[in-house]
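These notes concern the structure reproduced below.
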Amino acid sequence: PVWIVDPVDGTRQFVRGEAGFCTLVALALHGEVHASWTYAPVRGEMAIAVRGRGATLNGAPIRSGAPAPGAVLTVAMSHPDYTTEAQKRALLGLRTESIAARPCGSAGLEYLAVARGSLDAVAFNWEYAWDHAAGLLL
147 PVWIVDPVDG TRQFVRGEAG FCTLVALALH GEVHASWTYA PVRGEMAIAV
197 RGRGATLNGA PIRSGAPAPG AVLTVAMSHP DYTTEAQKRA LLGLRTESIA
247 ARPCGSAGLE YLAVARGSLD AVAFNWEYAW DHAAGLLL
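Structural data, given as structure tokens:
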């Protein structure tokens, strides 16, 4: 087993004293995440996901739905400070009349927002396992 941990996801928000940070933990076996925990202490939120068993938020099942046909999709995108010019152009290319983009704060909280249906998608340009392993299972 491999534990993948991000003790402070959303470092910028944490340093500023804002609530938009969390702790991410994922358990991987043979290259596949089997369980994950997303804990946002200031918000009092704990999301737990187990492969094949679904996910919960503070003990209640999380069920996201599909957006209505023709709805404007809200997508959290990589923060401009962490992107190259080519990546910025690619991310900006996603902005259309049907997509409302906003900058990403904590990757873990963005994945949680997608899981509970308050955000439609995320578009990140970095591949650090500690930022994504827990959220992808949600």
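The numbering of the sequence shown is our numbering, which starts it at 147 and goes up by one.
Even glycine gets a Cβ: it sits at the ideal position worked out from N, Cα and C.
Where does the unbroken alpha helix (DSSP H) through residue i begin, and where does it stop?
{"i": "tryptophan 276", "result": "275 to 283"}
{"i": "leucine 255", "result": "253 to 262"}
Do the CB positions of residue i and residue j come within less than 8 Å of each other?
{"i": "leucine 265", "j": "alanine 195", "result": "no"}
{"i": "threonine 184", "j": "glycine 254", "result": "yes"}
{"i": "alanine 186", "j": "valine 179", "result": "no"}
{"i": "leucine 175", "j": "valine 151", "result": "no"}
Run through DSSP, which three-state label would residue i get?
{"i": "glycine 200", "result": "strand"}
{"i": "alanine 206", "result": "strand"}
{"i": "threonine 157", "result": "helix"}
{"i": "glutamate 231", "result": "helix"}
{"i": "alanine 222", "result": "strand"}
{"i": "alanine 165", "result": "coil"}
Following the continuous beta strand (DSSP E) through residue i, name the residue where it begins and the one where it ends.
{"i": "tryptophan 272", "result": "Run containing tryptophan 272: none; DSSP gives neither H nor E here."}
{"i": "alanine 186", "result": "178 to 186"}
| query | Does the region 274 to 282 come close enough to the region 196 to 208 to have 3 or more Cβ pairs within less than 8 Å? | reply | no
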